[in-house]
Structure formats: C-alpha cells, structure tokens
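Trainee: Residue 332 is where the sequence shown ends in the numbering used here, and the numbering goes up by one at each step.
Beta carbons: idealized from backbone N, C-alpha and C, even for Gly.
My questions will all concern the structure given below.
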Amino acid sequence: MCATATRSTRLLTPLLLALCGSAGAIDEYRLDDGVKESGIGLQPANDYSLAWLNRFVIQPGHETIHAVNLAFGGSLAGTNIPNGTPLTVYVWYDANQDGVPDHDPVIAWGTGVVANTGGNTLTSYALTQPATFLPGDIIFAGVVITYSGNPQVASIDTDGTDDINPYPPADHSFIASNWATTSAPLSPIDPAHLAWAQLPVNSVRNALYGGNGDGNWMIRLNASTPGAPLPVVTPTAIDMGNIDMGTSSVATINLANVGTATWQVLLYVPTPNPMPGAFQLLPGTCGLPPFQVAPGTSCDIEATFAPVRHGDHMVSVEIAGNTPPGTAMFTLKGIGSIFASGFE
Ligand SMILES: [Ca+2]
Ligand SMILES: [Ca+2]
C-alpha cells in the first residue's frame, strides 16, 4: 500500500483564477503566491496521518510567531478534506540548523479544525503560546492531520505569480505520512520525529515530483516583534502623612505589568542614596528584588514611614530592571511631627 511517495500522491488540474480568494491576515512569513495549483492527498483510500510543513528563516522585527495559517484541499469541484476535521499546527526549531526537519523539537502548537476547504482562503490557527526566535534562525511550521479516504488535503503553489521569496521554490516544503496496514492500525505521526514516519519526511521536490519539480505549501505565519514589559506604578506620588515621631504609617504601591513580556525587577535605586532611614520598603506580595511581574499581572510592595526627626522627608525611588530608565518610579514623602505625640 502506498509504496512510494510519487505513486501515493495525486495532482489536480489548475484552478481557474476566477475562483481565487485572498488571505485576510497579514502574513509575515509566506512562500506561496496565494493561488494553489494542486491539492495533495494520499492514495489509495485508507486511514492516514499526514504532515506538511514549510521551512522559514526568522527575519529581524518578526521574531515572535503567533499563528500558523493554512489553505486546504484542491479544486472546489474536487473531493477535499472535510471542513471540521481536527488538526494540530506546529512550529519546530531546526535544532541543528541543517534545514531538514528530521528530528527537530516542537516549540509551539495550536489546535483547530479544517475550514475553507478547496478554496484559496487561508485559515489562521493561533499558537497556545507564541514562540520567539532569533533573526537568522531556521524554523519549520506546518500541520499534522488524521483522516480517512483519499481526499485532497494539502494546498500547494507550484507556479509562482508574484515575487514571494524564495521563488522558484527551493526545497522549502516537506511532507511525511503514516497509514494503516493490514497488520497494524494507523499510528499518528510523532511530530518530534518526522523521519520515523512510514513515509519519512522528505522534500516536496523528491516526495511528490521525483526530483523534477517543486512547490511551496500554502502555509503562512503571523509574527511580531518580541514582546516588551510595560510597567504601571500606582500611585506614583505617595504622601505618608504627618506622623508623630515614634510611630509609623504604611502605604501600598501596586506594580503592574500591562506589557507583553515579563518585567524583571532587579533593584530599587533611591534618590537620595542611601534611602533616608525614616523610609523602608517591604516585600509585600512582590517579594524582595530581584522578582518578576508576568504580563497581565501585578503585585504590591509596602512602604513604611517612621520619622525620627521632625520636618519634611522625601525620597524618589526608581524600580530598575528590564525597562528603560525613568519608566517605573515613585516618590514617598512625609512629615515628622512633634506636636501630637505627647513630647513636651
Ligand atoms: Ca500559484
Ligand atoms: Ca534539522
């Protein structure tokens, strides 16, 4: 069954341009021109686990991958993978940076179901956690799907009508598959070991075209610049009051991170330095520096004011860490009183 990759696939007639849809998302990574020429499936009818994936190189300013976008099937008139079929999208890191996805680790994934089958419209599948890489890193992104029969499943671009780089295709697309046999039911592809599949992962050029052609899957990625912390300190100016010497007051300062990366708090830098002895900063729920504030969370620190002389006291505190200087600060002030305390 399914003895060779060439025999196990079939190519469809080209789509009419009039059938074309366009992708709605902004796709920071793509290899296709937006119009499939074929839908690739496996023959004969059987239970299959199919993986198809593209290779991409991380570009500066687009280091964080959020979503994998896919088109499915071939001609609208053909027999396509049904809408609603469950799937899992993956992003792999090319651990040895050799450009071959044989035993490379899965870094991120997401789940969903097939949609817009047979058309050129891509459907977006968000990753459960975005994955951030370095410029120049080689990654792979694609999908593993289990299905029965012999529909057209994976949409491929083989002609190139725009200047998406790289074009002509240059061995940037790969395929792997498992299938049921008379002696064993289907076992789903292990995404961490695509080279162990029954059809071990191979380039589209070799697996589908016998070395005499190539194509790019309609797999695109949404990406953004790496996240950054955005601290919000509340309040930023704290009046600890008119406090009798020998007593103290307490204030709570909330440190929130409304950004998209962890806020690393390293230390408090007071001005004047060292901090006047009347003031003290306590761990609160944040803990003592260094501590972290995750995106979308906050914690509290506490300040005490216990004057030992009368008059005005003031200190400005910078919360130093992985944010630009001056972005996270607060001031404390208070008055030491000798009138209400009973000193005579
Ligand atoms: Ca095309
Ligand atoms: Ca590799």
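Please go through the stretch 264 to 305 and give each complete beta strand (DSSP E) segment of 3 or more residues, from N-terminal end onward.
Mentor: Taking only runs of at least 3 residues, the beta strand (DSSP E) segments lying wholly in the stretch 264 to 305 are 267 to 270, 279 to 281, 286 to 293.
Trainee: When every heavy atom of ligand 1 is checked, does at least one fall within less than 7 Å of the C-beta of V351?
Mentor: Lying before the first or after the last residue shown, residue 351 is absent from the chain, which here runs from -11 to 332.
Trainee: Taking its Cβ as the centre, do 16 or more other Cβ atoms sit within 10 Å of D20, making it buried, or is it exposed?
Mentor: Numbered from 1 along the sequence shown, position 32 holds the residue referred to as residue 20. Counting Cβ neighbours within 10 Å, D20 comes out buried, since at least 16 surround it.
Trainee: Taking the alpha-carbon of D90 as reference, which of G62, E16, G72, S165 has the nearest alpha-carbon?
Mentor: Within the sequence shown, numbered from 1, the residue matching residue 90 stands at position 102. Closest by alpha carbon: S165.
Trainee: What residues does ligand 1 have around it, judged by CB closer than 5 Å to any heavy atom, in chain order?
Mentor: Cβ-based neighbours of ligand 1 within the cut-off: D21, V23, D145, D147.
Trainee: Hey, is V88 close to ligand 2, as in C-beta under 7 Å from one of its heavy atoms?
Mentor: Residue 88 sits at position 100 when you count from the first residue of the sequence shown. Yes, the beta carbon of V88 sits closer than 7 Å to at least one heavy atom of ligand 2.
Trainee: Since I believe A244 is in contact with L283 (beta carbons under 8 Å), could you give me their beta-carbon distance rounded to a whole number of angstroms?
Mentor: On the sequence shown, position 295 is the one that residue 283 refers to. On the sequence shown, position 256 is the one that residue 244 refers to. The sequence shown places Pro at residue 283, not Leu. Wrong, their Cβ atoms sit about 10 Å apart, outside the cutoff.
Trainee: Anyone know if the C-beta pair for R43 and G87 falls short of 8 Å?
Mentor: For the purposes of this step, residue 43 is taken as the residue at position 55 of the sequence shown. For the purposes of this step, residue 87 is taken as the residue at position 99 of the sequence shown. For R43 and G87, yes; Cβs fall inside 8 Å.
Trainee: According to DSSP, F121 sits in a beta bridge with which residue or residues?
Mentor: Here residue 121 refers to the residue found at position 133 of the sequence shown. Looking at the DSSP assignment, F121 forms no beta bridge with any residue, so it has no partner.
Trainee: On the CB-based measure, 16 or more other CB atoms within 10 Å of its CB, does S171 come out buried or exposed?
Mentor: In the sequence shown, the residue the question calls residue 171 occupies position 183. So S171 ends up on the exposed side.
Trainee: Pick helix, strand or coil for R193, following the three-state DSSP scheme.
Mentor: The sequence position of residue 193 within the sequence shown is 205, counting from 1. Three-state DSSP puts R193 in a helix.
Trainee: Are the CB atoms of T259 and V221 nearer to each other than 8 Å?
Mentor: Here the question's residue 259 lines up with position 271 in the sequence shown. Here the question's residue 221 lines up with position 233 in the sequence shown. Contact flag unset, no.
Trainee: Thinking C-alpha only, which one of T116, N138, T73 is nearest G66?
Mentor: Taking the first residue of the sequence shown as position 1, residue 66 is located at position 78. Ranking the options by Cα distance to G66, first place goes to N138.
Trainee: Is it the case that the Cβ atoms of P264 and A180 are separated by a distance below 8 Å?
Mentor: For the purposes of this step, residue 264 is taken as residue 276 along the sequence shown, with counting starting at 1. For the purposes of this step, residue 180 is taken as residue 192 along the sequence shown, with counting starting at 1. Not closer than 8 Å, so no.
Trainee: Looking at the secondary structure, which residues open and close the beta strand (DSSP E) in which H54 lies?
Mentor: Position 66 of the sequence shown, counted from the first residue, corresponds to residue 54. Start and end: 52 to 58.
Trainee: Out of curiosity, what's the CA-to-CA distance linking L(-1) and F60?
Mentor: On the sequence shown, position 11 is the one that residue -1 refers to. On the sequence shown, position 72 is the one that residue 60 refers to. The pLDDT assigned to L(-1) is 35, lower than 50, so where the model puts this residue is not dependable, and the model offers no usable value.
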